[in-house]
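Residue numbers (the working numbering): 203 to 745.
Data block below; observations after.
Here it is as structure tokens:
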């Protein structure tokens, strides 16, 4: 401390004039300046070399990656655009109503979807393509058999035997692949099998819902005969936009898209152009995510070997960006296909200014692009609950509709555990994925109940989900509320870095990771995230 004070004193109070410096000091200063210039030039040279090397590494890595992936991605994108163009041409050429028109157009579009899907599967060069075809055809036979035909007009509580048969077939195929198929080859088709399983379950469930609720009120499916139902399943399952990369989408909305009339605002020139431009933008964004995941983070990770937490963060970020690549590219394909979410918006006008009564004017159909993931909500999350929701929105919708809601009657905890168990089984018998999914599920639940309790005690908007504008909390926009939410965001980022550190770029990624690989990765970080989660739970219990 005294040395620092003395240095400060000397710097401030002693003024050494030019006359106090001898001739030797002038030569010394000149030598020091020359040495500084040499060091500065060396530093500039090293920086220039390092930047050049980094650029060369990026180019060396990026070009082969893009060349390897682009051929298949562009083929899928062109196939989806081709299907979309044929859809528009058919709707425009046969612009009249009638059963014959609907029959011809829908059969052509479904057949084209099946053909394009088989073509893409052939070009993907999967060695286990026969498993995908075998599972699809087996399920088509089940749907053509129409096992539930005698339940159509009976009570809604009748047993859907078809769903049990579908579950049995899908479980058997997945179990066979996990136990007897080469891990590297199984890893190639795991995603496609998962999407087919999700589609088959929703297809069997929506069929029952259609017959019980929509057969008279919403005749979007006019020819639901067994053979036609088999064709619809093949078209839905082998749809070129989602066969390889996903996502899941509703079978009823898919059929509604095919049977929609040309007069629909979906086919307006403005919507078509915007859809195409949006597809191109998404396609470019997905390639950027791929390059960052494969090349940029690899360069960073090679320099962070001895900094475990930074290494964990960028390693998990590399995994997340590879996920964004898959999801955003699938968004691009779905938009190129013409599939979008439809919302009905009611416009209103005032009837009388005195009594403030309103009447409905009209119902407007609004079409929005199909969204699969929201990277900003994952990279900068408000909470882990948001991460779980925005990680894969279609899968979240599927799990909520077909798993969580049916189990909700047995209790909230059972519904949550069942949902994450179903998600783990969909991803296969993999300890690493199951450990991550169950961990993040437990973390999200602990954070949710803790922040709900904290929001009640503090009377502030610090819950895991954003409060609506009409919430009753007194403290909404205070600075300390902001810092509370910011702290929880940092905690969520910390948990994400810890949980996903095991998804590295080692050779094991091509055949799936073992249990010991996952435990060793977490052991290297001291199991700190699990300890923090347990401490949060204890704090919640005794708060």
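Backbone N, C-alpha and C fix where the C-beta goes; we use that ideal spot for every residue, glycine too.
I'd like to know whether the C-beta atoms of residue i and residue j end up nearer to each other than 8 Å.
i	j	result
residue 643	residue 622	yes
residue 585	residue 653	yes
residue 450	residue 600	yes
residue 316	residue 437	yes
residue 404	residue 582	no
residue 346	residue 431	yes
residue 172	residue 535	Only positions 203 to 745 of the chain appear in this structure, which leaves residue 172 out of reach.
residue 651	residue 687	no
residue 282	residue 443	yes
residue 433	residue 312	yes
residue 264	residue 493	yes
residue 380	residue 740	no
residue 288	residue 323	no
residue 524	residue 702	no
residue 544	residue 572	no
residue 533	residue 476	no
residue 341	residue 295	no
residue 647	residue 618	yes
residue 393	residue 447	yes
residue 660	residue 679	no
residue 336	residue 510	no
residue 390	residue 330	yes
residue 481	residue 538	yes
residue 502	residue 516	yes
residue 408	residue 445	no
residue 704	residue 720	yes
residue 745	residue 655	yes
residue 540	residue 286	yes
In the DSSP assignment, what are the bridge partners of residue i?
i	result
residue 164	The chain is shown from 203 up to 745; residue 164 falls before or after that span and cannot be answered.
residue 662	677
In terms of residues, what are the limits of the alpha helix (DSSP H) holding residue i?
i	result
residue 450	First-last for residue 450: undefined, no H or E at that position.
residue 692	681-701
residue 334	331-347
residue 723	717-726
residue 585	Residue 585 -> no alpha helix (DSSP H), and no H or E assigned at all.
residue 326	Segment: none, residue 326 is in no alpha helix (DSSP H) and carries neither H nor E.
residue 743	730-743
residue 614	614-628
residue 428	428-439
residue 596	595-601
residue 366	363-382
Could you name the residues of the same chain whose beta carbon sits closer than 6 Å to that of residue i, not counting the 5 residues immediately before and after it, in chain order?
i	result
residue 367	344
residue 588	579
residue 440	316, 319
residue 732	none
residue 628	396
residue 717	633
residue 724	none
residue 624	605
residue 474	none
residue 384	none
residue 657	664, 665
Using a Cβ-Cβ cutoff of less than 7 Å, which residues in the same chain neighbour residue i once the five nearest sequence positions on both sides are dropped?
i	result
residue 526	491, 575, 577
residue 147	Because residue 147 is not part of the residues shown, which for the chain are 203 to 745, the question remains open.
residue 332	none
residue 489	268
residue 274	325, 326
residue 667	587
residue 606	617, 621
residue 669	663, 675
residue 673	663
residue 592	575, 576, 579, 580
Within its chain, find whatever has a CB closer than 8 Å to the CB of residue i; leave out the 5 residues flanking it on each side and keep chain order.
i	result
residue 696	731, 734
residue 400	450, 597, 600, 628
residue 349	363, 364, 367
residue 609	616, 617, 620, 621
Is the Cβ of residue i closer than 8 Å to any Cβ of chain D?
i	result
residue 288	As a matter of chain content, chain D is missing from the structure shown, which is built from one protein chain.
Alpha helix (DSSP H) runs wholly inside the region 449-535, at least 4 long, in chain order: 453-461, 471-493, 499-503
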